[in-house]
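Sequence positions in the sequence shown follow our numbering and run 6 to 419.
All remarks here apply to the structure that follows.
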Amino acid sequence: MTTTPATTAPPTWAAVAQAFPALRQTVNGHRLVYLDSAATSLKPQAVIDAVVEYYADYPSNVHRSVHTLAGRATEAYEAARARVAAFVGADAQSLVFTRGTTEGLNLVASGWARRHLRPGDEILLTPAEHHSNLVPWQQVAKATGARLVFAPLTADGRLTAEAIRASFTSRTRLAAVAHVSNVLGTENPIRELVALAHRQDAVVVVDGAQSAPHLPVSVAALGVDFFAFSAHKMCGPTGIGALYGRPERLREADPLLFGGEMIAEVDQEHATWADVPYRFEGGTPHVAGAIGWGAAVAFLERLGMDHIAAHSRALAMDAAARLAALPRVSVYGPAGGRQAVVAFNYDGVHPHDVAQVLDSQGIAVRAGHHCAQPLMAALSIQSSVRASFYLYNTREDVDRLVDGLREVGRYFGR
Ligand code: PLP
């Protein structure tokens with residue numbers, strides 16, 4: 006479901022790229038081709054300007070002082086919350102600012118799940134989860150006696166509604182699944198998961214780190230209980246993200262941080278909490294980050310999320326097909342239905358060496374386990390190269406990647 010109206014015609018992507026100052030540089034003598042947006046995206050000038058303006062003109066704390074600059078900062082911070090919330094189809098009061106996806110998932114794990122799960126309860130995951138959506142649940146399982154259950158993937162790495170149904174039991178109390186895989190680029194059937202979970206009041210937690218930057222998202226339409234995402238992967242600043250939670254679920258959770266600004270009343274012995282979302286935002290928040298993120302959302306909305314989704318999907322599909330056609334290159338994940346990322350290996354060459362040779366040609370990719378070691382084990386590999394695409398990439402960048410891999414072959418004599 007689209008929450009952000011797309012412009013009628015797709016933008017000219019090469020012109021969009023001009024908004025990103027990092028792309029004006031050459032790296033190792035070549036025009037930079039940035040294919041590591043799944044790790045973190047580049048930032049447009051409008052976001053940099055919004056952050057600079059805050060620090061230069063009204064660098065005040067929020068929700069505290071009554072002076073003019075503080076009022077302006079509070080207004081801008083809360084306007085950013087409303088904007089980011091609307092971007093994912095939520096109300097401002099259901100959006101908690103966090104440090105990022107990792108903190109949001111930890112908030113649910115420590116604040117909600119530790120309080121509500123009991124021995125024998127089941128937590129449903131997939132083998133493709135990012136460590137940020139696995140390790141917190143391992144800790145919850147250890148603390149509560151709940152059990153982790155993994156819904157199997159198909160041979161080409163997809164999570165099907167049938168696999169979810171087969172893995173769900175009457176003991177399933179919580180399911181935590183990525184919306185889009187950061188390695189395989191697959192989009193998971195969240196609506197089917199929610200329909201099944203809510204029949205027995207199980208809670209659905211979605212890791213939206215790789216979907217919020219690329220897809221039109223509506224948490225209301227998806228029906229999820231929690232949805233965590235990060236600003237830095239969607240043109241915003243680092244150090245800030247958000248957790249959407251259905252208000253009744255948020256009210257059932259304990260805060261992670263206790264201290265200033267998260268309280269209602271304090272006496273020497275006791276304290277009571279502010280309402281949601283503020284009870285989860287103890288201490289001085291990342292004001293500049295929130296304001297910069299608001300500017301990033303405005304930037305994405307101007308381009309239209311439908312266009313962005315179609316563009317990054319088309320580039321990834323094109324790259325996957327062309328890489329798979331190269332001798333000695335294996336591409337992971339399904340042939341169709343891929344969002345923005347392509348993980349692959351070059352037979353006989355370590356992924357770090359592939360990345361190094363690509364870097365020598367000005368092409369930035371990631372090499373490693375992508376914080377998904379159980380998935381690497383399931384694929385019977387240690388690591389892979391990952392090229393990830395976003396709104397500033399073009400077909401020319403795919404050409405450069407394909408040429409770069411031919412150079413890898415020449416360099417290693419393969
Ligand atoms: N989940 C997924 C699928 C990711 O790709 C990432 C980051 O790479 C994360 C979670 C963690 O995000 P962050 O480091 O912003 O907390």
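Cβ atoms here follow ideal geometry from the backbone N, Cα and C, with glycine treated the same way.
Please classify E401 as buried or exposed, where buried requires at least 16 other C-beta atoms within 10 Å of its C-beta. Taking the sequence shown and counting its residues from 1, the one referred to as residue 401 is at position 396. Classification for E401: exposed.
Is the stretch 127 to 142 touching the stretch 350 to 357, taking contact as three or more C-beta pairs under 8 Å? In short, these stretches do not touch, since the Cβ pair count stays below three.
In chain order, what are the residue ranges of uninterrupted beta strand (DSSP E) at least 3 long that sit wholly in the stretch 226 to 285? Entirely contained in the stretch 226 to 285, the beta strand (DSSP E) runs reaching 3 residues are, in chain order, 231 to 235, 246 to 250, 268 to 271, 276 to 278.
Helix, strand or coil at L380 [DSSP, three-state]: Residue numbering aside, residue 380 sits at position 375 when the sequence shown is read from its first letter. In the structure shown, L380 falls within a helical segment according to DSSP collapsed to helix, strand and coil.
Which complete alpha helix (DSSP H) runs does the stretch 57 to 119 hold, if anything under 4 residues is left out? 73 to 92, 106 to 111
Answer yes or no: the CB of S107 versus the heavy atoms of the ligand PLP, is any distance below 7 Å? Your numbering for residue 107 matches position 102 in the sequence shown. It is Thr, not Ser, that sits at residue 107 in the sequence shown. At least one heavy atom of the ligand PLP is nearer than 7 Å to the Cβ of T107, so yes.
Quick check: the stretch 255 to 263 against the stretch 281 to 292, are at least 3 beta-carbon pairs closer than 8 Å? yes
Coil, strand or helix - V370 by DSSP: For the purposes of this step, residue 370 is taken as residue 365 along the sequence shown, with counting starting at 1. If DSSP states are grouped into helix, strand and coil, V370 belongs with coil.
Give the DSSP-derived three-state secondary structure of V199 in the structure shown. Residue 199 sits at position 194 when you count from the first residue of the sequence shown. If DSSP states are grouped into helix, strand and coil, V199 belongs with the helices.
With H, G and I counted as helix, E and B as strand and the rest as coil, what does DSSP make of T31? On the sequence shown, position 26 is the one that residue 31 refers to. Looking at T31 - three-state DSSP - the assignment turns out to be strand.
Write down the C-beta distance between V292 and V67 rounded to the nearest angstrom, noting that I regard them as a contact closer than 8 Å. For the purposes of this step, residue 292 is taken as residue 287 along the sequence shown, with counting starting at 1. For the purposes of this step, residue 67 is taken as residue 62 along the sequence shown, with counting starting at 1. Approximately 6 Å separates the beta-carbon atoms of V292 and V67; this is inside 8 Å, confirming the contact.
6 Å CB neighbourhood of M6 in its chain, flanking five on each side removed: Position 1 of the sequence shown, counted from the start, is the residue given in the question as residue 6. Legend: pLDDT at M6 = 39, less than 50; position of this residue unreliable, no value from coordinates given.
Please look up how many angstroms separate the CB atoms of V413 and Y351, rounded, as I've assumed it's under 8 Å. Mapped onto the sequence shown, residue 413 falls at position 408. Mapped onto the sequence shown, residue 351 falls at position 346. Contact flag correct, Cβ pair sits at about 6 Å.
When the Cα of L201 is compared with those of S186, L179, Q215, which residue comes out closest? Position 196 of the sequence shown, counting from 1, holds the residue named residue 201. Answer by Cα proximity: L179.
Using beta-carbon positions only, say whether Q215 and A183 come within less than 8 Å of one another. Against the sequence shown, residue 215 aligns to sequence position 210. Against the sequence shown, residue 183 aligns to sequence position 178. It is a contact, given that the beta carbons lie within the stated cut-off.
State yes or no: is the C-beta of N66 nearer than 7 Å to some heavy atom of the ligand ADP? Absence of the ligand ADP from the depicted structure is noted, with the ligand PLP being the only ligands included.
Using only CA atoms, which one of Q23, L37, V52, A14 lies nearest to K240? Mapped onto the sequence shown, residue 240 falls at position 235. The sequence given here places Cys at residue 240; Lys does not occur at that position. Measuring from the Cα of C240, the nearest candidate turns out to be V52.
I think R152 touches E127, with their Cβ atoms under 8 Å apart; what is that distance to the nearest whole Å? Within the sequence shown, the letter at position 147 stands for residue 152. Within the sequence shown, the letter at position 122 stands for residue 127. At roughly 5 Å, the Cβ-Cβ gap stays under 8 Å, so R152 and E127 are in contact.
Other residues of its chain near P15: CB distance less than 6 Å, five sequence neighbours each side excluded: Indexing the sequence shown from 1 puts residue 15 at position 10. So the qualifying residues of the chain are H312.
Rounding to the nearest angstrom, what Cα-Cα distance links A329 and A148 in this structure? Walking along the sequence shown from the start, residue 329 turns up at place 324. Walking along the sequence shown from the start, residue 148 turns up at place 143. Their Cα atoms are separated by approximately 44 Å.
Would you say the beta carbon of C240 comes nearer than 7 Å to a heavy atom of the ligand PLP? The residue labelled residue 240 in the question sits at position 235 within the sequence shown. The answer is no for C240.
Assuming D395 and S46 make a contact with CB atoms under 8 Å, what is their CB distance in whole Å? Mapped onto the sequence shown, residue 395 falls at position 390. Mapped onto the sequence shown, residue 46 falls at position 41. The amino acid occupying residue 395 in the given sequence is Tyr; Asp does not appear at that position. Contact check for Y395 and S46: beta-carbon distance about 6 Å, within the 8 Å limit, so the pair qualifies.
Is A325 helix, strand or coil when you go by DSSP? Numbered from 1 along the sequence shown, position 320 holds the residue referred to as residue 325. If DSSP states are grouped into helix, strand and coil, A325 belongs with the helices.
For A269, count the other beta carbons within 10 Å of its own beta carbon; 16 or more makes it buried, fewer makes it exposed. Which is it? If you number the sequence shown from 1, residue 269 lands on position 264. Label assigned to A269: exposed.
Report the partner residues of E127 according to the DSSP bridge assignment. The residue labelled residue 127 in the question sits at position 122 within the sequence shown. Answer is R152, T177.
Tell whether a beta-carbon distance below 8 Å holds between A236 and G250. Position 231 of the sequence shown holds residue 236. Position 245 of the sequence shown holds residue 250. Not in contact: A236 and G250 (Cβ atoms no closer than 8 Å).
Return the first residue and the last residue of the beta strand (DSSP E) that A392 is part of. Within the sequence shown, residue 392 is the residue found at index 387, counting from 1. Here the beta strand (DSSP E) through A392 covers 389 to 393.
Closer than 8 Å by C-beta to A369: which residues in its own chain qualify, once you throw out the five before and the five after it? Chain order, please. Position 364 of the sequence shown, counted from the first residue, corresponds to residue 369. These residues qualify, in order along the chain: V32, L37, V38, Y39, L40, D41, L363.
Go ahead and pull the three-state DSSP assignment for Y416. Here residue 416 corresponds to residue number 411 of the sequence shown, with the count starting at 1. Helix.
Using 7 Å as the cut-off, classify the Cβ of H374 as near or not near the heavy atoms of the ligand PLP, replying yes or no. Residue mapping note: residue 374 aligns to position 369 of the sequence shown, counting from 1. The answer is no for H374.
Could you give the DSSP three-state label for S46: helix, strand or coil? As a working mapping, residue 46 is identified with position 41 in the sequence shown. In this structure, S46 counts as coil in the three-state DSSP scheme.
Grab me the residues of A303's own chain with a C-beta within less than 8 Å of its C-beta, minus the 5 sequence neighbours each way, in chain order. Your numbering for residue 303 matches position 298 in the sequence shown. Excluding positions up to five away in sequence, the list reads A51, R88.
Take A348 and list the residues in its own chain whose beta-carbon comes closer than 6 Å to its own, dropping the five residues that flank it on each side. The residue given as residue 348 occupies position 343 in the sequence shown. Counting only residues of its own chain and dropping the five nearest sequence neighbours on each side, A348 has a CB closer than 6 Å to the CB of V188, Y337, S389, R391.
Of the choices D230, M322, E83, whose alpha-carbon is the least far from that of V113? In the sequence shown, residue 113 corresponds to position 108, counting from 1. Checked all of D230, M322, E83; the closest Cα to V113 is D230.
Contact set for A321: own chain, Cβ-Cβ below 7 Å, skip 5 residues either direction: Counted from its first residue, the sequence shown places residue 321 at position 316. Result list for A321: G190, R343, Q344, A345, V346, V347, F394, in chain order.
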